[in-house]
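A quick write-up on the structure given underneath.
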Amino acid sequence: MRAFQLAPLPSPPLLFPPRGAHRRPRIKERKSPLSHRACRSGSRREGRWLTHHQHTSLTHGLRPVPSLWALSLKKASHMLDDRTKRPALNTQINKQPPTQIPKGITLPAVLEQRIEQAMDRERLRDVLAFDIGDVAGAIKILHVLERCSGHWKVMKWVIRLALIYQLTPNATRPLMLSAGSLPATTVFDELPLIMAAYKTFGHYLSYRGRNLALQQANNGHYRIGAQSFRVVPLGELPADHPYRSRYKESDPVIRHGLDLSPSLSSFLLHTLLESRPWAPVRVLLSLIILRDSQDRYQRLMAAGDVPEQQGIAVDYRFDVGGRNYTDPKDYRRVFVSGFRPGETVAAHLFVGEHRIELWTTEPPVAGPAPSLNKVLDVRFPVSTPLWRSVLKRFNLEGVVINWGIVLV
Numbered sequence: 001m002r003a004f005q006l007a008p009l010p011s012p013p014l015l016f017p018p019r020g021a022h023r024r025p026r027i028k029e030r031k032s033p034l035s036h037r038a039c040r041s042g043s044r045r046e047g048r049w050l051t052h053h054q055h056t057s058l059t060h061g062l063r064p065v066p067s068l069w070a071l072s073l074k075k076a077s078h079m080l081d082d083r084t085k086r087p088a089l090n091t092q093i094n095k096q097p098p099t100q101i102p103k104g105i106t107l108p109a110v111l112e113q114r115i116e117q118a119m120d121r122e123r124l125r126d127v128l129a130f131d132i133g134d135v136a137g138a139i140k141i142l143h144v145l146e147r148c149s150g151h152w153k154v155m156k157w158v159i160r161l162a163l164i165y166q167l168t169p170n171a172t173r174p175l176m177l178s179a180g181s182l183p184a185t186t187v188f189d190e191l192p193l194i195m196a197a198y199k200t201f202g203h204y205l206s207y208r209g210r211n212l213a214l215q216q217a218n219n220g221h222y223r224i225g226a227q228s229f230r231v232v233p234l235g236e237l238p239a240d241h242p243y244r245s246r247y248k249e250s251d252p253v254i255r256h257g258l259d260l261s262p263s264l265s266s267f268l269l270h271t272l273l274e275s276r277p278w279a280p281v282r283v284l285l286s287l288i289i290l291r292d293s294q295d296r297y298q299r300l301m302a303a304g305d306v307p308e309q310q311g312i313a314v315d316y317r318f319d320v321g322g323r324n325y326t327d328p329k330d331y332r333r334v335f336v337s338g339f340r341p342g343e344t345v346a347a348h349l350f351v352g353e354h355r356i357e358l359w360t361t362e363p364p365v366a367g368p369a370p371s372l373n374k375v376l377d378v379r380f381p382v383s384t385p386l387w388r389s390v391l392k393r394f395n396l397e398g399v400v401i402n403w404g405i406v407l408v
């Protein structure tokens, strides 16, 4: 991220109240049926004990009240999006008496420090950088980083794989984003946060001349490249649907054509594989036909505990658009390489219809193998150990590697 040098500017009380102003006054409340000790033994959030009312709200699924800092950033970002209000905000920042938080630190320094902290916390430095420019740009960038906190993890995977699949022909690594190119603040209120986070950089991706930016389509649909999709509300899923239990508003179920993805995260990674100029090669096909192997195969299909150090699972279901289809088919891709920092090879397993396939962008290495079950180790020295690691976890290594059909 490019550092910026700014003259010390006063921070307006509207945005950043004086130190200690965030403390709430003590309010005498009616005694709760719960004891004072019981209230204090509840959850603790951001270093403060929750009141009984807050604790009860959180346990019933209500959203916690945002911090004053988050509200200030959101308010300022909204004003910066409005051309009629932006000059007044800049004037207010420049002319009001300084309020230093903490003592001796000015507004530009606070913003830069928090941007640096957010970049480090989310570990974004290898994939994203920001051209900040001025205080207004810093406010907008910081709002985006902190608003999407916890959702950048998937975006890092998307960007790293997109770089390997050569979907960023006109961009360098890390992707350089300017404050002016970021979505309007209202986008982060209107869209699921995963979708809003993708919108910050999606316009840098392209496939065969078609931009992969997130676009609004008709009838509540969206589009990325040639792929149209829509968000599926929780109430639309049947009570016994497997995707219902893990539904998240910030990362919802997605309908795309005849397929259904359990989350927007899975859909984005699935879409990358459908939009790749540098396609991975299928190097092995293994049919799972033995009964004992089928049990292990089903465990791999349904496993929710694949450790991230081994891979990330991307699921989708073919259900013919959900039109009372009684025989849906589930598919899974397990990425074993390409989503970590510094990796240059993208490899994955495809699992579905009683078969397991191994795919990779790694070019094959010529040379004799000491035995038939070592052919892949010789030809694909980077990908094969990673495939083996996942297969071994489900006791499928021998069935797939030793008995599969090598295609390359």
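The numbering of the sequence shown is UniProt numbering, which starts it at 1 and goes up by one. The C-beta atom is built at its ideal place from N, Cα and C for all residues, glycine as well.
Spatial neighbours of residue i within its chain, please: C-beta separation below 7 Å, excluding the five flanking residues on both sides.
| i | result |
| --- | --- |
| residue 214 | 195, 198, 199, 202, 222, 224 |
| residue 188 | 147, 196 |
| residue 38 | A caution first: residue 38 carries a pLDDT of 37, below 50, which makes its placement in the model unreliable, though a value can still be read off. Same-chain partners within the cutoff: there are none. |
| residue 217 | 223, 228 |
| residue 220 | 230 |
| residue 226 | 210 |
| residue 271 | 224, 227 |
Measure the beta-carbon distance from residue i to residue j and round it to whole angstroms, keeping in mind my assumption that it falls under 8 Å.
| i | j | result |
| --- | --- | --- |
| residue 245 | residue 399 | So it is not a contact: roughly 30 Å between Cβ atoms. |
| residue 158 | residue 269 | 7 Å |
| residue 321 | residue 237 | Not really, about 14 Å apart at Cβ, beyond 8 Å. |
| residue 193 | residue 151 | 5 Å |
| residue 403 | residue 347 | Rounded, the Cβ-Cβ distance is 20 Å, inconsistent with contact. |
| residue 359 | residue 282 | 5 Å |
| residue 408 | residue 370 | Between residue 370 and residue 408 the Cβ distance is about 18 Å, and since that is not below 8 Å, they are no contact. |
For residue i, which option in the options has the closest C-alpha, if you only look at C-alpha atoms?
| i | options | result |
| --- | --- | --- |
| residue 185 | 340, 148, 255, 120 | 148 |
| residue 123 | 270, 341, 380 | 341 |
| residue 164 | 141, 258, 205 | 205 |
| residue 127 | 173, 352, 308 | 173 |
| residue 284 | 193, 355, 116 | 355 |
| residue 396 | 145, 365, 287, 110 | 287 |
| residue 334 | 353, 357, 190, 219 | 357 |
| residue 235 | 247, 227, 226 | 247 |
| residue 353 | 311, 135, 301 | 301 |
| residue 241 | 260, 307, 226 | 260 |
Locate the alpha helix (DSSP H) running through residue i, then write down its first and last residues.
| i | result |
| --- | --- |
| residue 295 | 291 to 302 |
| residue 384 | 383 to 393 |
| residue 137 | 135 to 147 |
| residue 197 | 193 to 199 |
| residue 264 | 264 to 274 |
| residue 154 | 152 to 164 |
| residue 378 | 375 to 379 |
| residue 190 | 187 to 190 |
Within its chain, find whatever has a CB closer than 6 Å to the CB of residue i; leave out the 5 residues flanking it on each side and keep chain order.
| i | result |
| --- | --- |
| residue 315 | 262, 266, 332 |
| residue 154 | 265 |
| residue 362 | 345, 380, 382, 383 |
| residue 376 | 384 |
| residue 138 | 111, 132 |
| residue 329 | 318 |
| residue 417 | The shown model of the chain, from 1 to 408, leaves out residue 417, and the question about it has no answer. |
| residue 145 | 118 |
| residue 394 | 296, 299, 300 |
| residue 307 | none |
Distance cutoff 7 Å, beta carbons only. Does residue i sit that close to anything in chain C?
| i | result |
| --- | --- |
| residue 334 | Judged by its chain identifiers, the structure shown contains no chain C, having just a single protein chain. |
Check for me: the beta strand (DSSP E) holding residue i runs from which residue to which?
| i | result |
| --- | --- |
| residue 230 | 227 to 231 |
| residue 222 | 222 to 224 |
| residue 360 | 355 to 360 |
| residue 316 | 312 to 318 |
| residue 260 | 259 to 261 |
| residue 124 | Per DSSP, residue 124 belongs to no beta strand (DSSP E) and is neither H nor E. |
| residue 347 | 347 to 352 |
| residue 287 | 281 to 287 |
| residue 334 | 329 to 337 |
| residue 255 | 254 to 256 |
| residue 175 | 175 to 178 |
| residue 214 | 214 to 216 |
With a CB to CB cut of under 8 Å and the five nearest residues on each side skipped, what residues in its chain are close to residue i?
| i | result |
| --- | --- |
| residue 182 | 140, 141, 144, 200 |
| residue 336 | 310, 311, 347, 348, 349, 383, 386, 387, 389, 390 |
So, do the segment 225 to 232 and the segment 250 to 259 have three or more beta carbon pairs nearer to each other than 8 Å?
Short answer: they touch.
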